[in-house]
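Taken in order, these protein sequences are the chains called Y and H.
Letter by letter, the first sequence follows residues 1 to 551 in the UniProt record's numbering.
Letter by letter, the second sequence follows residues 1 to 274 in the UniProt record's numbering.
In this text, a Cβ means the ideal position worked out from N, Cα and C, and glycines have one as well.
All of these numbers come straight from a predicted model, not from anything done at the bench.
Read the structure below first, then the notes.
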Amino acid sequence: MALSIAAGVQEYVQAMVDRISGMKVLILDEETIGIISIVYSQSDILKHEVFLVERIDADSFASQEKMRHMNAVCFLRPTNKNFLKLSQELKNPKYNEYHLFFTNVVPHVRLDPLASCDEYELVKQVQEFFADVYAVNHDLFSLNLPSTVRLTEDHHCWSPYEESVFERIIEGLLATCLTLRMLPAIRYTGACELTRQLAHRLESRIHEEQSLFEGIVKSQQKGESTPVLLLFDRRNDPVTPLLQQWTYQAMVHELLGMTNNMVDLKKVSKDINRELETIVMSPLQDQFFNDNLFSNFGDLGQNIRKYVEKYQNDTKNTARIESIEEMQRFVDEYPEFRRLSGNVSKHVNVVSELSALIEAHGLLEASQLEQDIACTENRQEHFRTLVDLLKNSKITTVEGLRLVLLFALRYEQEYNSIAQLKDQLRIKKVGDDQIGLIDKLLRYAGSQVRSSDLFQNKSFLQIAKSTLTNSFKGVENVYTQHKTHLSTVVESLMKGRLKETSYPYMQSKVSGTAAKDPPRRAVVFVVGGCTYEEARDIAELNKMADGAFRS
Amino acid sequence: MSYAGQASASAASASSRSRSRDGDSVYVQDSMFVSEAVKRIQQCTAEIRKEANLLAPSTSAAARKKVEATLHTGNQAVQDAKRRLEKLSYNGGDTFGEQRNRSLMQQKLSENLTKGIRDLQVSFQVFEQAEKRLAEMPTTTPQRPTEDLEMGSLPAGQGRLQATADLVSEAELDVHTAIVEEYAQDISTLAQDVRGLQQAMADLSFHTKVQGDLLDSIEGDFLSSTQNTANASEQLTQASHSQRRGSKFIYWLLLLAAVLAVILIFVVVYRSSQ
C-alpha cells in the first residue's frame, strides 16, 4: 500500500460520504472542517450529494431551520464540547437521520449518554474513522497546534492547556498509525524528556487499543521489517525554521501565509483582484502547484512562463470558433479551459506578489548571509557583513532579528558580538521584547539543550570533514546550500545506522522487542513543528527510496 | 481499507432500530402511479385518433375492434388513476409546507387526469364520426379530386385526360415550390442562429479569459458564508437602530408639536379671556 497520509484521509472521507445515500448535510467542527477541506474541494464534496456544510460549534447551528429531507453526516473529533453539542442536537433534531463518524477512539462511557439523548432513534451508525490530522502533502501532515514551547518545561508546571496539547499529539499520532496501517516501533530523541514522555504515552495508548491493531499486526508479520515512528525534537535543529526558503510552497507559506492551504492575498496586497483575494494552493487539487511544490524561485519563474505560453496557445485555439465542430470542441473543453484560465491568473498573481515582497524586504541579501551562517564557520566575516546589513535600511527589522538569532545560535559563546548586534537592533528600532527572543532562543535550543552537533563544529573530526566537503564539493546555489539535520537523521534511520544511544527504542508491549533491521517505512514527527524545507528533503529521500518516509 | 473500531454496543443497537415512516414513500408511489396512468390514457387517445385517420372500408371492422380494446384499456387506467388519486388525499404531510405541496400536487394530477379523460372521449367520438361518414359514402372506388373537375369545354377521351394531367402537374409544382421556399427560409434562419451562437461562444470565450479562479474550498466557502451572514446581520442591526432613531425623532417632534399646540391654545384662551 502506498504510504500517503493524504490518500488515507481522502479514503476515509470518501467512504463516509459514499455510505449514505441521498441528500446530505456534513456537520463538522472547528478542526474537522480543516481536515476535510485540505484533502477535498467543495466541488468534490458536491459530487457526493453533500449540499450543505455546517459547523456544530457555530452560534447559529442550534437556531437553524429543520431540514427533514436531508441526512446528517457528522464528522467530529471526540471532544467534550462536541459530545455536548451532539446531545443537544439529538434532543431537538433537525435532520432525517444521523450518521456519526468520530476521528479517534471514542470511550464507551461517552456513548451511553449520547444514546440516551437519541429519543427519536435517528442515529443510524457510529463509527471511528481515524482521519485526525491535517494532510498537507502526500508526505507531510500537521496537527495545527499553535505552540508546544511550554511542553518543554517540567511536566509539573503544565497547565490544563499543555495537557490537552500533549493529548492531542498522542491522538494525532495514534490516528496516523491507524490511517497508514502500521504498528510502529517507537524511537525518540534520547536527550529530550518530552519526546520520551510522548513515546511512553503513545506506547501505552497502542497497548490500550491493541484490538484496533490486530489486523495490522497480522499483515505486518508477513516478512516486512517493523515500521518506525521517530519522535524528533525541534530543539535539535533550531536553525532550519530561521532560514528564508526559496521553494514555492515554502515561500507561499513564509511570505504570504497559508492556513489549511488557503492564502489570503488581501493581507499582502490591497489592490488585488476581488476574485483572487482568497485562493487555494492545494497540491492535491492543483497539478501545477503539485509539480512545482519544491521548485526553487528561479525554476518556478521558468515554469510559470511555460504555463502562461500554454495558456496563450489555448486561448488562440478557443478564439477561432467558426464551425459547428469548433463550437462543439469549445463547449467540451470549456470547463478545463476555465480552470486553466483561473489557475494561470492565480499563480501569476502569487509569483508577482512573492517577487514584490522579496524586493521590498531585501530577502536575497539577507538569505545569502543566513545560508552562510548556517553552513560555514567564519565569525569575523559574518559579524562584519551582518553589521553592514543591519545598518543598511533595505532589510526589514524581522530579517535583521532573524540574522542575529542565527548568529547567536552559531556563535553562542561570542557574548560581546551578540551584545553589539543587540545594540544595532535597538538602533534599528527593534523592540526590547523582540530582542529578548535572542536569549529565549538560546535557552530553548542552545548548545546545552541540543544533543546533536548541528553546526559540525564540536569535534576536530567534524570540523575537518565539513571544511573538506565545502572546499571540494563547492556550492551549487548559495541560497539553497543548507541541508536539514532531519534529512541526515532520517537517512541514517533508513540505512539502519541511527545510533540507539541518541534515538533509543521504546519497549513495546504489543509487538514485543522490535527487530533492529533497517525499516522500509517510517513516520517522523517533529515535536515543535516541522518546516517545508524538511518536507522537501523527505520528499526527495522518498523519491530516491520509492516512498518510504513521512514527516 | 477496513475500518477499525466499529460502533459501540449501545449506539450500534440504536442504529439497528428502524424508524417509523411518515408515509412519504407511499405518497410518492401513488403520485407516480397516477402520472403513469395519465400517460397511458394519452397513449390510448393517440392510438384511437390514429385509427380514425386511417379508417378505410376494408379495415373498418378490425379498426372498430382495436379501438374498442384501446378504449377499454384507457377506461381501466382512468378507474385506477381515480382510485389512487382519492387515496392520495389521505396521506397528509408532517408540516404545513409539505401539506400545501401535496395539495398542489394532487390538484395538478387531478387536472391532468380530467384532461386525459376528456381527450379520450373526444377521440372516440371522432372515430365514431369517421366511421359514420365512411358508412354514408357510395361504395364506388374513391377517385382523386382532380378527376371530378368540370371539363365541359374539353373534348372527350384523350384531351380530357391530358388536361387533368396538366392540372395535377401544376398543383404538384405549386406544392414543391412552397416546400422549397419553406426549406430556403429554414436554412436562412438556421444560418442566422449559427451566427448568433458563434457570437455567444466568442463572448463566452472572452468572459472566460477575464474570469479568475474561484474559491473551491469547503472551509473557505464556510468562512465566507459566515462572514456574509455576519455582515448581513450587522446591516440589519444598523437598519433597525436607524429606524428606531427615526421613530424616536418623529415621536419627539410630535410631542413638541403637542406641547406647542397646548401652549398656543393656552395663550389664545388666556388672551381671549382677558
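(1) By how many angstroms is the C-alpha of ASN236 of chain Y removed from the C-alpha of ARG450 of chain Y?
(2) State the Cα-Cα distance for the pair SER393 of chain Y and PHE383 of chain Y, rounded to the nearest angstrom.
(3) Cβ closer than 7 Å: which chain H residues qualify as neighbours of VAL280 of chain Y?
(4) Using DSSP with H/G/I as helix, E/B as strand and the rest coil, what is THR259 of chain Y?
(5) Is it the case that the stretch 172 to 181 of chain Y contacts the stretch 91 to 107 of chain Y, given that we only count it when at least three CB pairs across the two stretches are under 8 Å?
(6) Determine, using beta carbons only, whether LEU386 of chain Y and LEU425 of chain Y come nearer to each other than 8 Å.
(7) Is the number of C-beta pairs between the stretch 59 to 73 of chain Y and the stretch 23 to 39 of chain Y that are closer than 8 Å three or more?
(8) Return the Cβ separation of THR226 of chain Y and PRO184 of chain Y in integer angstroms, given the expectation that the two are a contact with Cβ distance under 8 Å.
(9) Using CA atoms only, rank isn't needed, just tell me which of H:PHE124, H:LEU173, H:ARG195 and H:LEU104 is closest to ALA63 of chain H.
(10) Bridge partners of GLN125 of chain Y, per DSSP?
(11) Measure the Cβ-Cβ separation of GLN210 of chain Y and GLN371 of chain Y and say whether it is below 8 Å.
(12) Counting contacts by CB-CB distance shorter than 8 Å, is VAL490 of chain Y in contact with chain H?
(13) If you draw a straight line from the alpha carbon of GLU277 of chain Y to that of SER224 of chain H, how long is it in whole angstroms?
(14) So who's on the other strand from ARG68 of chain Y, going by DSSP bridges?
(15) Do we get a CB-CB distance below 8 Å when we pair MET544 of chain Y with the residues of chain H?
(16) Taking TYR444 of chain Y as the reference, which of Y:TYR479, Y:MET281, Y:THR152 and Y:LEU421 has the closest Cα?
(17) Shortest alpha-carbon distance to ILE48 of chain H belongs to which of H:SER188, H:THR114, H:ASP119 and H:ILE250?
(18) DSSP on LEU197 of chain H, reduced to helix/strand/coil?
(19) Determine the burial state of GLU381 of chain Y: buried for a count of at least 16 other Cβ atoms within 10 Å of its Cβ, exposed for fewer.
(20) To which residues does DSSP link CYS74 of chain Y through a beta bridge?
(21) Using the beta-carbon of each residue, which ones in chain Y are nearer than 7 Å to LEU197 of chain H?
(22) Excluding five sequence neighbours on each side, which residues of the same chain lie with their C-beta closer than 6 Å to the C-beta of ALA77 of chain H?
(23) Quick one: which residues of the stretch 35 to 50 of chain Y get their C-beta closer than 7 Å to a C-beta of chain H? List them in chain order.
(24) Under 8 Å: do the stretch 413 to 432 of chain Y and the stretch 344 to 353 of chain Y share three or more Cβ pairs, one atom per stretch?
(25) On the premise that LEU293 of chain Y lies in contact with GLN249 of chain Y, defined as a C-beta separation below 8 Å, what is that separation, rounded to the nearest angstrom?
(26) Can the beta-carbon of LEU86 of chain Y be found closer than 8 Å to that of LEU46 of chain Y?
(27) Do you know offhand how far ARG55 of chain Y's Cα is from LEU84 of chain Y's?
(28) Between ARG150 of chain Y and chain H, is there a C-beta pair that is closer than 8 Å?
(29) Is the stretch 122 to 134 of chain Y touching the stretch 89 to 102 of chain Y, taking contact as three or more C-beta pairs under 8 Å?
(30) Whole angstroms is fine: what's the gap from MET544 of chain Y's alpha carbon to MET494 of chain Y's?
(31) Figure out for me which residue from Y:GLY342, Y:PRO335 and Y:GLN42 has the closest Cα to the Cα of TYR307 of chain Y.
(32) Taking VAL280 of chain Y as the reference, give the member of Y:ASP271, Y:LYS270, Y:VAL268 and Y:ASP264 with the closest Cα.
(33) Buried or exposed: CYS375 of chain Y, going by 16 or more other Cβ atoms within 10 Å of its Cβ?
(34) I'd like to know if MET262 of chain Y contacts chain H, where contact means its C-beta is closer than 8 Å to some C-beta of that chain.
Here's the rundown:
(1) For ARG450 of chain Y and ASN236 of chain Y, the gap between their C-alpha atoms comes out near 5 Å.
(2) Roughly 17 Å separates the two Cα atoms.
(3) LEU215, ASP216, SER217 and GLY220, listed in chain order.
(4) Reduced to three states, the DSSP call for THR259 of chain Y is strand.
(5) yes
(6) no
(7) yes
(8) Sure, about 7 Å apart at Cβ, within 8 Å.
(9) Nearest of H:PHE124, H:LEU173, H:ARG195 and H:LEU104 to ALA63 of chain H, Cα basis: H:PHE124.
(10) Y:HIS99
(11) No, they are not a contact pair.
(12) No, its Cβ sits nowhere closer than 8 Å to a Cβ of chain H.
(13) Cα-Cα distance, rounded: 11 Å.
(14) Looking at the DSSP assignment, ARG68 of chain Y forms no beta bridge with any residue, so it has no partner.
(15) no
(16) Y:THR152
(17) H:ASP119
(18) helix
(19) exposed
(20) Beta-bridge pairing links CYS74 of chain Y to Y:ILE27 and Y:LEU100.
(21) MET327
(22) Result list for ALA77 of chain H: ALA37, ARG40 and ILE41, in chain order.
(23) ILE36, SER37, TYR40, SER41, GLN42, SER43 and ILE45
(24) no
(25) 5 Å
(26) no
(27) 14 Å
(28) No - not a single Cβ of chain H is within 8 Å of the one on ARG150 of chain Y.
(29) yes
(30) 12 Å
(31) Here the closest residue by C-alpha is Y:GLY342.
(32) Y:ASP264
(33) buried
(34) yes
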